[in-house]
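S.K.:
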Amino acid sequence: MAVWVTAALFSLAHGEVFAFLPRFLLGALLGYLYVYGRSLLVNVLAHFANNAIVVVIYALMSGDSTSFDPSAPLALSPLLTIACTLAAVALLVVVFGKTRNASSSNK
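Just so we're aligned: 6 in numbering that gives the first Met the number 0 is position 7 of the sequence shown, and the numbers increase by one with no gaps anywhere.
#1: What would DSSP say about MET60, mapped onto helix, strand or coil?
#2: Give the single residue among GLU15, LEU29, LEU90 whose Cα lies nearest to the Cα of VAL2.
#3: Distance, Cα to Cα, LEU91 vs SER38?
#4: Looking at the secondary structure, which residues open and close the alpha helix (DSSP H) in which GLY36 lies?
#5: Are ALA6 and PHE23 closer than 9 angstroms when you measure CB to CB?
#6: What's the C-alpha gap between ALA86 and PRO77?
#7: Using DSSP with H/G/I as helix, E/B as strand and the rest coil, what is SER10?
#8: Leaving out five residues on either side along the sequence, give the residues of the same chain with a beta carbon under 7 angstroms from the beta carbon of SER10.
#9: On the CB-based measure, 16 or more other CB atoms within 10 Å of its CB, does LEU79 come out buried or exposed?
#10: What would DSSP say about VAL4, mapped onto helix, strand or coil?
This is the structure in structure tokens:
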């Protein structure tokens with residue numbers, strides 16, 4: 000329950016009502032990363048990677064670096080969205096797998 004409440008607070012703290020659900024899910028993911036990984040470093044790196052990927056995609060999609068507006072809506076193709084989602088899930092599976100193997104060998 001603590002992960003879900005914290006995820007809601009994480010999303011509300013960002014102040015955008017229309018982006019509540021994606022940030023809520025990201026907050027839950029970060030929360031479970033901590034629960035399973037027991038390290039804030041993993042959370043910090045995942046949050047940084049998320050923000051960096053978004054900034055790079057916005058910069059690449061805008062084409063003109065002088066008029067970069069991160070608050071402008073970004074329309075990604077469904078194929079690119081699916082590819083990014085699958086890549087993120089694969090990365091999480093690898094991270095969770097290594098974390099579980101490391102924690103089980105320490106016991």
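Backbone N, C-alpha and C define an ideal beta-carbon position, used for all residues, glycine too. These numbers come from a predicted model, not from an experiment.
M.R.: With the given structure in hand:
#1: Here residue 60 refers to the residue found at position 61 when the sequence shown is read from its first residue. The three-state secondary structure of MET60, taken from DSSP, is helix.
#2: Along the sequence shown, one-based indexing puts residue 2 at 3. When each option's Cα is compared against that of VAL2, the closest is LEU29.
#3: Counted from its first residue, the sequence shown places residue 91 at position 92. Counted from its first residue, the sequence shown places residue 38 at position 39. Taking the straight line joining both Cα atoms gives about 14 angstroms.
#4: Taking the sequence shown and counting its residues from 1, the one referred to as residue 36 is at position 37. Its alpha helix (DSSP H) spans residues 19-36.
#5: What you label residue 6 is simply residue 7 of the sequence shown in a count that begins at 1. What you label residue 23 is simply residue 24 of the sequence shown in a count that begins at 1. Note that the C-beta distance between ALA6 and PHE23 is below 9 angstroms.
#6: Residue 86 sits at position 87 when you count from the first residue of the sequence shown. Residue 77 sits at position 78 when you count from the first residue of the sequence shown. Straight-line Cα distance between these residues: approximately 14 angstroms.
#7: In the sequence shown, the residue the question calls residue 10 occupies position 11. Helix at SER10.
#8: Here residue 10 corresponds to residue number 11 of the sequence shown, with the count starting at 1. Within the same chain, SER10 has close Cβ partners PHE19, ARG22, PHE23, GLY26.
#9: Along the sequence shown, read from residue 1 onward, the residue named residue 79 stands at position 80. An exposed status is given to LEU79, since fewer than 16 other beta-carbon atoms sit within 10 Å of its beta-carbon.
#10: As a working note, residue 4 is residue 5 in the sequence shown. It is helical.
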